[in-house]
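Position 242 of the sequence shown, counting from 1, maps to 501 under the working numbering, and the rest follow consecutively. Data block below; observations after.
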Amino acid sequence: RNRNEYTLNPLTRIHWRASLVPAAAVIPAPIAYIKVVAVKKLVVDSVQKYFVDKPPVWGVDDGTSVKKIDHSISQYTGGIIQEDCKIPLHMGPSGLPELAHVVIGLEGCSHQDPDFIPMCVLSVMMGGGGSFSAGGPGKGMYTRLYTNVLNRYHWMFNATAYNQTYSDSGLFYIHASAPPNHVRDIIDVITKEMSAMAGEVGNTELRRAKTQLQSMILMNLEARPVVFEDIARQVLAVGHRKLPSTFIQEIENVTKADIERIATRLLKSQPSVA
């Protein structure tokens, strides 16, 4: 199973817990068991009941402000969620470590926010990865999570920074894993690194992060399927496509002050923990 099932999905549920609609409220439970005719009638009746017969809130109350209505969209809440999983039984040594996973997230920004590019640079600067992974140059072995976490704590199996952006909000988080007896240590180490994001930024690490991000963009766009997807996603999101050269220049324009400013912005939000 992929990382999102155990880390990003629970984190998203608590990150915007007041804004997400439960699946049961969107898709009626019996819909998988009834025939097409019944489904059609159910859909038609629901549309008639909730969209045709029911007037909008601003039509009922003239005093309702648009700002109040729009405020219900993507409300960041933060919080904590804990989930236990059953360790599968093996007939013999499985060779797989028994790990506890901790994800700490902060409210990021949307892909239309002016801080979107600096946020991406900060994510690359934090970097990270697994303690035991293969690959050549360009992996980010000099990123903060590698030099300050993975190289210093032998019990840490993984520590990686991620930046998820959406149309109206975002999620900046660090996913770390270690043996269960080090859960408290994981939290201490990761919170320390997150707090240090608002500290002084070195010229070398900033230059390295910007170059790595530029390289990642250009390398990915060497494949035509990726170019096709990039065009489609940008047109759907904003109605037009920015050329790669635009992003390269925007990355180049990021300064140490930008990184320190957005780090402070992140740390002012309520943390989400999973």
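We treat Cβ as the ideally placed atom computed from N, Cα and C, and that holds for glycine.
For residue 382, the uninterrupted alpha helix (DSSP H) run begins and ends at 375-385, by DSSP. Under the DSSP definition of a beta bridge, residue 417 partners with 389, 436.
Residue 362 has its alpha-carbon roughly 31 angstroms from the corresponding atom of residue 486. Look at residue 533 here: in three-state DSSP terms it is coil, with no helix or strand label. Around the beta carbon of residue 517, 16 or more other beta carbons sit within 10 angstroms, so the residue counts as buried. With respect to residue 370, residue 496 sits close: the two C-beta atoms are nearer than 9 angstroms. With 16 or more other Cβ atoms inside 10 Å of its own Cβ, residue 403 counts as buried. The beta-bridge partner set that DSSP reports for residue 362 consists of 434. Minimum Cα-Cα distance from residue 511 among the listed residues 368, 308, 379, 309 corresponds to 379. Nearest to residue 410 by alpha-carbon distance, out of 421, 428, 388, is 388. Using a Cβ distance threshold of 9 angstroms, residue 508 and residue 383 do not count as a contacting pair. For residue 524, the enclosing alpha helix (DSSP H) covers residues 515-526.
Distances from the CA of residue 456 to each of 358, 531, 305, 521 were compared; the closest alpha carbon is that of 521.
Residue state for residue 450 is assigned as helix, using DSSP reduced to three classes.
Relative to the Cα of residue 433, the nearest Cα in the group 441, 443, 448 belongs to 448. Per DSSP, the continuous alpha helix (DSSP H) segment holding residue 484 begins and ends at 483-497. Between residue 438 and residue 477, the C-beta gap is not smaller than 9 angstroms, which leaves the two residues out of contact. Taking all protein chains shown into account, residue 339 has fewer than 16 neighbouring C-beta atoms within 10 Å of its C-beta and is therefore exposed.
Boundaries for residue 457: no alpha helix (DSSP H) harbours it, and the DSSP string shows neither H nor E there. Short of 7 angstroms from the beta carbon of residue 479, and not among the five residues preceding or following it, lie these beta carbons of its own chain, in chain order: 485. Between residue 424 and residue 386, the C-beta gap is not smaller than 9 angstroms, which leaves the two residues out of contact. Per the coordinates, the alpha-carbon of residue 407 lies some 39 angstroms from the alpha-carbon of residue 494.
Within the same chain, Cβ atoms closer than 7 angstroms to the Cβ of residue 523 are found at 457, the five residues on either side in sequence being excluded. When rounded, the separation of the alpha-carbon atoms in residue 435 and residue 368 is 22 angstroms. Contact between residue 366 and residue 428 is confirmed by a C-beta separation of about 7 angstroms, below the 8 angstroms threshold. Under DSSP, the beta-bridge partners assigned to residue 424 are 429.
In this chain, the alpha helix (DSSP H) harbouring residue 477 covers 462-479. For residue 503, the enclosing alpha helix (DSSP H) starts and ends at 503-511.
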